[in-house]
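Asker:
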Amino acid sequence: MNNKTILQLVDLSKSFGAVKAVNGVSFELKRGEALGVIGPNGSGKSTLINLITGFVRPTSGKVIFKGRDITGIPPHKAVNLGIARSFQLARPFYNIPVYKNVVIPVYSPRARKHLGAKYGDRDEVAIHLLEDVGFERDSQVPYKNAGELPHGYLKRLELARCLALDPDLIILDELFSGMSMSEIASILPLLERIREEGKTLIMVEHRLSELFRVVDKTVVLNFGKKIAEGTPRQVMAVEEVTSAYLGSEVISNA
Amino acid sequence: MNPGYRKERIDRGIKVRSDDVFVLASMRDLLYVVLPRALVIILLLIFPAFQDILGSYWQNVMLSTMVIALLALSWDLLAGIGLVSLGQSLFFGMGGYLAGYLSFTFGWGPLYTLPVATVGGALLSTLTLYPILRLRGIYFGMITFAVPLLLSRVIEVTKILGGTEGMSSLPSFPNTGFELYLVMAVLFVTVYAYRMLVGTDYGLVFNAIRDNDRAVVAAGYDIQWYKAQGVFIAALPACFAGAFMTHHFQFVGMPAFALDYSILPLTSVVIGGVGTFFGAVLGSFVLVPLSELLREFGSLRVVVYSLMLLVFTIGLPEGIFRFVLRKYHQFERLVPMEEASNE
Chain A
1 MNNKTILQLV DLSKSFGAVK AVNGVSFELK RGEALGVIGP NGSGKSTLIN
51 LITGFVRPTS GKVIFKGRDI TGIPPHKAVN LGIARSFQLA RPFYNIPVYK
101 NVVIPVYSPR ARKHLGAKYG DRDEVAIHLL EDVGFERDSQ VPYKNAGELP
151 HGYLKRLELA RCLALDPDLI ILDELFSGMS MSEIASILPL LERIREEGKT
201 LIMVEHRLSE LFRVVDKTVV LNFGKKIAEG TPRQVMAVEE VTSAYLGSEV
251 ISNA
Chain B
1001 MNPGYRKERI DRGIKVRSDD VFVLASMRDL LYVVLPRALV IILLLIFPAF
1051 QDILGSYWQN VMLSTMVIAL LALSWDLLAG IGLVSLGQSL FFGMGGYLAG
1101 YLSFTFGWGP LYTLPVATVG GALLSTLTLY PILRLRGIYF GMITFAVPLL
1151 LSRVIEVTKI LGGTEGMSSL PSFPNTGFEL YLVMAVLFVT VYAYRMLVGT
1201 DYGLVFNAIR DNDRAVVAAG YDIQWYKAQG VFIAALPACF AGAFMTHHFQ
1251 FVGMPAFALD YSILPLTSVV IGGVGTFFGA VLGSFVLVPL SELLREFGSL
1301 RVVVYSLMLL VFTIGLPEGI FRFVLRKYHQ FERLVPMEEA SNE
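Chains A and B supply the protein sequences, listed in that same order.
Residue 1 is where the first sequence starts when you use the numbering used here, and the numbers rise one by one after that.
Residue 1001 is where the second sequence starts when you use the numbering used here, and the numbers rise one by one after that.
If you want it as structure tokens, here you go:
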């Protein structure tokens, strides 16, 4: 492990009763890389994210972030070390205006240290962040209650909430799901810019062709195990991957 | 063909109004904004002056109304963090017993016991509830419901803190007028402080925890610690209420943990409206005097509480305060409905 490595998983496992949701997964991620995590439903992708971000404690194995063992630390501490995540189901703070939704992370311990925005300025910082992810400042949208936002905007809001934390590693859980092609197309340049800023990205996705336009490395999970790792082209060439996705085994057995 | 009518709501008075920012253009506008607030404050302030006309009975009703209002404010703040308390009497009893104990054992007067029992009681309550702060919704409610009942049984069985006898002959306040103004001052301060609090980013975090606690964790907050702070802030006025009543009655005993101190505040907030603090106070000022008027019905009063809870949750879930506020800021008129266009 050299100092360019930002995240390292060592034989990471999580069992829920008899179910091994994540089973001995190891990989390394260098600073500035973008990793795609793919796999069929129930293959342990979301659990893997929860393990890295501290929302779920691993049964065994290690998570090493920036050279520090962070296995099983509480999730808010993982955030303060520089790991931000979005959720698969984008649930905003419904009864709070959209820009105030972003003030929450802007006011958080990490952002206060990094951005140093004072009370009052934080609203301005939040609206800036919203502009960055494609909200129009002059529209009424940032001032509406977040409960009134359409789905596509919710995903952008999730992204703004991550960016507000000035993270080193951003983990996006199915950002593209439920987004239209044009919505995805409009968010791709943003992801590009995040990468240019030197941030490391992990994306869990089902929409492979869109994902492969962002990431340069992919890990494939099936039944909690890593079955392939490499560039998108490399992993899609692995027979086990295509069969896991297309279910050729099932078809041939039938 | 009868086209029918629909209600149209029109903003009254001031044209530019966003939340609490008003643009005042005339004396009339100024009165429109200031008068309702000033009127309430003035009415409260001059109330004790009518001592002779009203007699001590209604003075005492006023006292318990404000005490319940303090508990209701505390309930409302907790609800803003997503913690639904069914046991406000925990705070009341903690404050009450602490003041009673200090007074009984060391002979302290209210001047010392009130601040110490307010802060100390809030600390003790927070510590008591700390282990269950990770519980959400009804589970948190159930435990808060059980804790004060449990504490009063413990006091009964172990005979600590005076057991069933309680602690009596405690020092009292100079006079009822003093008592009224003291509680009133604390009530004003609490409403003001809570309204300020929820307007800050710090208070915003509380509301965010209510809406989606996982997202707050994902923003890097230790929500357990935040909830503990919230409980402490919410416990302060409630513990003061308990400590105050200890000196008012010159006695503290198991009734300090009574169910009434849990149910009345909750019902008050439901009647007045959740989340505004003004609603909590208004609800107490409706419910407590009403329940006094119904005193002769004895335990049937519980039926009245229950009915009011039922009627307000179904019929006016926004509560009286928001309803009145809307009526004040808007007027309605009936306008003929346009015929439905074919789409």
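For glycine and all other residues, C-beta sits at the position ideal for the given N, C-alpha and C.
Compute the Euclidean distance between the alpha carbons of E148 (chain A) and L1077 (chain B), then round it to the nearest angstrom.
Answerer: Here residue 148 (chain A) is taken as the residue at index 148 of the first sequence, counted from 1. Here residue 1077 (chain B) is taken as the residue at index 77 of the second sequence, counted from 1. Between E148 (chain A) and L1077 (chain B), the C-alpha separation is close to 25 Å.
Asker: Should A1280 (chain B) be flagged as near chain A, meaning a C-beta pair shorter than 9 Å?
Answerer: For the purposes of this step, residue 1280 (chain B) is identified with residue 280 of the second sequence, where counting begins at 1. It does not: the Cβ of A1280 (chain B) has no partner Cβ on chain A nearer than 9 Å.
Asker: If I measure Cβ to Cβ from A254 (chain A) and keep anything under 8 Å in the same chain, skipping five residues before and after, which residues do I get?
Answerer: Residue 254 (chain A) sits at position 254 when you count from the first residue of the first sequence. Residue placement at A254 (chain A) is flagged as unreliable, the pLDDT there being 35, under the threshold of 50; the coordinate-derived value follows with that caveat. Within the same chain, A254 (chain A) has no close Cβ partners at all.
Asker: Is the Cβ of A1038 (chain B) closer than 9 Å to any Cβ of chain A?
Answerer: Mapped onto the second sequence, residue 1038 (chain B) falls at position 38. Cβ-Cβ to chain A under 9 Å: no for A1038 (chain B).
Asker: Interface residues of chain B around P58 (chain A) at Cβ under 7 Å?
Answerer: If you number the first sequence from 1, residue 58 (chain A) lands on position 58. Correct list: empty, because the minimum Cβ distance to chain B is about 18 Å.
Asker: Shortest alpha-carbon distance to A1258 (chain B) belongs to which of B:E1008, B:F1050, B:S1089?
Answerer: In the second sequence, counting from the first residue as 1, residue 1258 (chain B) sits at position 258. Of B:E1008, B:F1050, B:S1089, the residue nearest in Cα terms is B:S1089.
Asker: Does S108 (chain A) come within less than 9 Å of chain B when only Cβ atoms are used?
Answerer: Stepping through the first sequence from its first residue, residue 108 (chain A) is reached at position 108. Chain B contact via Cβ: present.
Asker: Using a Cβ cut-off of 7 Å, which residues of the segment 1218-1232 of chain B contact any Cβ in chain A, in chain order?
Answerer: Here the close residues are A1218, A1219, G1220, Y1221, D1222.
Asker: Run through DSSP, which three-state label would L1077 (chain B) get?
Answerer: Position 77 of the second sequence, counting from 1, holds the residue named residue 1077 (chain B). In the structure shown, L1077 (chain B) sits in a helix (DSSP, three-state: H, G or I).
Asker: Buried or exposed: which applies to N41 (chain A), given that a residue is buried once 16 or more other Cβ atoms fall within 10 Å of its Cβ?
Answerer: By one-based count along the first sequence, residue 41 (chain A) stands at place 41. Classification for N41 (chain A): exposed.
Asker: Tell me whether the segment 1201-1218 of chain B and the segment 1054-1061 of chain B touch, counting them as touching only if at least three CB pairs, one residue from each stretch, are closer than 8 Å.
Answerer: Counting Cβ pairs under 8 Å, fewer than three are found: no touch.
Asker: What is the rounded straight-line gap between the Cα of A90 (chain A) and the Cα of G1080 (chain B)?
Answerer: Translated into positions along the first sequence, residue 90 (chain A) becomes position 90. Translated into positions along the second sequence, residue 1080 (chain B) becomes position 80. Straight-line Cα distance between these residues: approximately 22 Å.
Asker: Under a Cβ-count criterion, where at least 16 other Cβ atoms within 10 Å of its own Cβ denotes burial, should T1200 (chain B) be classed as buried or exposed?
Answerer: Position 200 of the second sequence, counted from the start, is the residue given in the question as residue 1200 (chain B). Burial call: exposed.
Asker: Does the distance from the C-beta atom of V204 (chain A) to that of L48 (chain A) stay below 9 Å?
Answerer: To locate residue 204 (chain A), count along the first sequence from 1; it is residue 204. To locate residue 48 (chain A), count along the first sequence from 1; it is residue 48. Yes.
Asker: From F1244 (chain B) to V1186 (chain B), what distance separates their C-alpha atoms?
Answerer: For the purposes of this step, residue 1244 (chain B) is taken as residue 244 along the second sequence, with counting starting at 1. For the purposes of this step, residue 1186 (chain B) is taken as residue 186 along the second sequence, with counting starting at 1. So the two alpha carbons sit approximately 11 Å from each other.
Asker: Between the Cα of M1167 (chain B) and those of B:V1252, B:A1234, B:V1231, B:T1118, spot the shortest distance and give me the residue it belongs to.
Answerer: Taking the second sequence and counting its residues from 1, one reaches residue 1167 (chain B) at position 167. Checked all of B:V1252, B:A1234, B:V1231, B:T1118; the closest Cα to M1167 (chain B) is B:V1252.
Asker: Strictly under 9 Å for the Cβ-Cβ distance: is T231 (chain A) near chain B by that measure?
Answerer: By 1-based counting over the first sequence, the position of residue 231 (chain A) is 231. With 9 Å as the cut-off, T231 (chain A) does not count as an interface residue toward chain B.
Asker: For A1258 (chain B), name the three-state secondary structure that DSSP assigns.
Answerer: Position 258 of the second sequence, counted from the start, is the residue given in the question as residue 1258 (chain B). In the structure shown, A1258 (chain B) sits in coil (DSSP, three-state: anything other than H, G, I, E or B).
Asker: Going by alpha carbons, who is nearest to S182 (chain A) out of A:V220, A:V141, A:G134?
Answerer: Here residue 182 (chain A) refers to the residue found at position 182 of the first sequence. Comparing Cα positions, the closest option is A:G134.
Asker: What are the partner residues of Y99 (chain A), as DSSP defines its beta bridges?
Answerer: Numbered from 1 along the first sequence, position 99 holds the residue referred to as residue 99 (chain A). None, per the DSSP bridge assignment.
Asker: Under a three-way DSSP split, which group does E249 (chain A) fall into?
Answerer: Locating residue 249 (chain A) in the first sequence gives position 249, counting from the first residue. At E249 (chain A), the pLDDT of 47 sits below 50, so the modelled position is not reliable; the number obtained from the coordinates is stated separately. E249 (chain A): helix per DSSP, three-state reduction.
Asker: Based on the DSSP output, what are the partners of K20 (chain A) in its beta bridges?
Answerer: Here the question's residue 20 (chain A) lines up with position 20 in the first sequence. According to DSSP, K20 (chain A) bridges with A:S15.
Asker: In this structure, what does DSSP give as the bridge partners for F1251 (chain B)?
Answerer: Residue numbering aside, residue 1251 (chain B) sits at position 251 when the second sequence is read from its first letter. Answer is B:S1168.
Asker: According to DSSP, is T47 (chain A) helix, strand or coil?
Answerer: Translated into positions along the first sequence, residue 47 (chain A) becomes position 47. Helix.
Asker: Given a cut-off of 9 Å on the beta-carbon distance, is the pair I1271 (chain B) and L1287 (chain B) in contact?
Answerer: Indexing the second sequence from 1 puts residue 1271 (chain B) at position 271. Indexing the second sequence from 1 puts residue 1287 (chain B) at position 287. Yes, these two residues count as a Cβ contact at 9 Å.
Asker: For R207 (chain A), decide whether its Cβ has a neighbour in chain B, counting only Cβ atoms nearer than 9 Å.
Answerer: As a first step, residue 207 (chain A) is located in the first sequence; it is residue number 207 there, counting from the start. Chain B contact via Cβ: absent.
Asker: Give every residue of the same chain whose Cβ lies closer than 7 Å to the Cβ of G1093 (chain B), excluding the five residues on either side of it in the sequence, and list them in chain order.
Answerer: Residue 1093 (chain B) sits at position 93 when you count from the first residue of the second sequence. Within the same chain, G1093 (chain B) has close Cβ partners P1148, L1151, G1242, A1256, F1257.
Asker: Short of 8 Å in beta carbon distance, which residues of its chain neighbour L12 (chain A), apart from the five on each side in sequence? Order them along the chain.
Answerer: Within the first sequence, the letter at position 12 stands for residue 12 (chain A). Cβ neighbours of L12 (chain A) beyond the five flanking positions: V22, G24, V25, S26, L48, L51, P58, S60, G61, K62, V63.
Asker: Could you tell me how far apart the beta carbons of V1084 (chain B) and G1120 (chain B) are, in whole angstroms, since I believe they sit closer than 8 Å?
Answerer: Taking the second sequence and counting its residues from 1, the one referred to as residue 1084 (chain B) is at position 84. Taking the second sequence and counting its residues from 1, the one referred to as residue 1120 (chain B) is at position 120. Rounded, the Cβ-Cβ distance is 25 Å, inconsistent with contact.
Asker: Could you work out which residues of chain B lie near H76 (chain A), taking near to mean beta carbons separated by less than 7 Å?
Answerer: Sequence index remark: in the first sequence, residue 76 (chain A) carries index 76 (1-based). Residues of chain B passing the Cβ test: V1217, G1220, Y1221, D1222.
Asker: Using only the alpha-carbon positions, how far apart do F93 (chain A) and A146 (chain A) sit?
Answerer: Within the first sequence, numbered from 1, the residue matching residue 93 (chain A) stands at position 93. Within the first sequence, numbered from 1, the residue matching residue 146 (chain A) stands at position 146. Cα to Cα, F93 (chain A) sits roughly 6 Å from A146 (chain A).
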